[in-house]
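Take a look at the structure below.
Protein chains: 2
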Amino acid sequence: MFHIDPSKVARLRAVLIGQAPVDALTETFRALGDPTRVRVLDALSHGELCVCDLALLLGLSQSATSHQLRLLRALRLVRTRRAGRMVYYALDDRHIVTLFRQGLRHVEESAARPGRRLA
Amino acid sequence: MFHIDPSKVARLRAVLIGQAPVDALTETFRALGDPTRVRVLDALSHGELCVCDLALLLGLSQSATSHQLRLLRALRLVRTRRAGRMVYYALDDRHIVTLFRQGLRHVEESAARPGRRLA
DNA sequence: TGAACATATGAGCAGACGTTCAGATGTTAG
DNA sequence: CTAACATCTGAACGTCTGCTCATATGTTCA
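Chains as they are written, first to last, in this note's numbering: chain A, 1154 to 1272; chain B, 1154 to 1272.
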């Protein structure tokens, strides 16, 4: 394989982020890269919800909802509050909403431009 | 399945974002949810690169690099500039960098807190 | 305690994803 | 034109993902 400018590549290596941040970023974005989880976070951005109401809202089974919430919790995107047998889920912090809204801004602006898609 | 507050759920339905924004958001975040693509965008945030140098930088085959760039281009995250036989890729707009950096801020702050993980 | 309830979790499966491999496309130089 | 080159693309393959199903955990109330 041929390369135009190996010295530029060498210089870049020193600037790029390391494996740990890459992996953390990937995990976070991957969590947001699923329609169900996007809808979960959108719903929770309006306030906490118990698992059963969230399941009703999204038209999901209780099990599927719980599995997704578990994943989001492991990534610290949501946190829980127990109230008797119910468990209420909420966004972990304002950072998540910011990230979410920034993504929305991108897709809205992107949709405004003429677009080509994959086959 | 039982539900605590169906009326709250009904009220929420009117506020949630629709399917088109959900899908667009999902697509965008999913594109960022892969370590290879995270590294591609990180690299391109420092300036445009041709496919071969990008492949060298990331230790990927030319084909794998091209496939990923194609995906990123379809999502309007990167754009191309042809110069002879070479094709240079660059981030499509500043929005992408913002989204990327906001994600970084989250994972850095999140890493600072004590964390629990999945099994 | 025991029954009912709300949620959590493990196994299994169909579909999606990222890579490699082989070959196509489009460009430059002779 | 042909040869060399840089990139693109389709097919195929192993892996990962998100769901369902069945069951476990932990709570409340009689």
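Every residue, glycine too, gets a C-beta built ideally from N, C-alpha and C.
Predicted model, so just to flag it, every value in this text is computed and none were measured.
Item: Does the stretch 1156-1164 of chain A come into contact with the stretch 1190-1206 of chain A, if we say contact requires no fewer than three beta-carbon pairs (one atom in each stretch) closer than 8 Å?; Value: no
Item: Decide if S1216 of chain A is buried, meaning its Cβ has at least 16 other Cβ atoms within 10 Å, or exposed.; Value: exposed
Item: Applying a beta-carbon distance threshold of less than 7 Å, which residues of chain B neighbour E1262 of chain A?; Value: H1248
Item: What is the residue span of the alpha helix (DSSP H) that A1243 of chain A lies within?; Value: Note, A1243 of chain A: premise wrong, no alpha helix (DSSP H); beta strand (DSSP E) at 1239-1244.
Item: Pop quiz: F1182 of chain A and G1256 of chain B are said to be a contact at Cβ under 8 Å. What is the actual Cβ separation, rounded to whole angstroms?; Value: 6 Å
Item: Taking only the alpha-carbon atoms, compute the straight-line gap between L1178 of chain A and V1260 of chain B and give it to the nearest angstrom.; Value: 6 Å
Item: Please confirm whether any heavy atom of the ligand PLP lies closer than 6 Å to the CB of H1220 of chain B.; Value: Looking for the ligand PLP in the displayed structure turns up nothing, as the structure carries no ligands at all.
Item: Mind checking whether P1188 of chain A and V1175 of chain B have CB atoms under 7 Å apart?; Value: yes
Item: For A1184 of chain B, which residues in the same chain have their Cβ closer than 8 Å to its Cβ, ignoring the five residues on either side in sequence?; Value: R1190, L1224, L1225, L1228, L1230
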